[in-house]
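In the working numbering, the protein residues as written are 103 to 278.
No residue lacks a Cβ here, since even glycine has one placed at the ideal position from N, Cα and C.
A quick write-up on the structure given underneath.
See the structure below:
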């Protein structure tokens, strides 16, 4: 809610400064009437993905699922990151993984958890062959998705190592 409100308010304040009040009203009207309806598929996809995440999380809560560890340190964060990367490579978006498992990390250090989630999102969105970014790249530039996968897997491994080192450093800073 905060991000969407902030985006709307920024648009309302910045657009008149850049384009003038009269032009900004035309642009805003055009965007609302013509451009937003064209995005109905993407909006539906995000809504369904959110519902799926909530449903899966609710099922796990109903089954009294608990995480198999007591302390969320850099080792657990590294394993969680690896699981998120693997899930993204088989087609599950990191936001879905985060929304499903996020409720179970209540007792975790929020800074380390946020870093893990952000690293998972950044790494998987840029490397997963099924991510929207890579699907768009393969369609637009007529690239073979298998070739993109072969190139990205090494980048994903390198980024995973860098992320684990950073998680270790943050864990030491936070004294976990």
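Could you work out which residue in the options is closest to residue i when comparing CA atoms only?
i           : options            : result
residue 262 : 204, 221, 230, 276 : 221
residue 175 : 210, 256, 230      : 210
residue 169 : 190, 204, 240      : 204
residue 177 : 214, 162, 134, 161 : 214
residue 273 : 231, 180, 246      : 180
Whole angstroms are fine: how far does the CA of residue j sit from the CA of residue i?
i           : j           : result
residue 104 : residue 146 : 21 Å
residue 195 : residue 251 : 16 Å
residue 224 : residue 276 : 22 Å
residue 256 : residue 149 : 32 Å
residue 130 : residue 271 : 46 Å
residue 240 : residue 106 : 30 Å
residue 235 : residue 159 : 26 Å
residue 132 : residue 114 : 14 Å
residue 184 : residue 152 : 22 Å
residue 136 : residue 126 : 15 Å
How about residue i: is its C-beta nearer than 7 Å to some C-beta of chain B?
i           : result
residue 105 : No chain B is present in this structure, which holds just one protein chain.
Any idea if residue i is buried or exposed, counting beta-carbon neighbours within 10 angstroms, 16 or more meaning buried?
i           : result
residue 265 : buried
residue 217 : buried
residue 269 : buried
Item to complete: Kindly provide the ranges of any alpha helix (DSSP H) runs that are 4 or more residues long and lie completely inside the stretch 139-194, ordered along the chain.
Response: 142-164, 176-191
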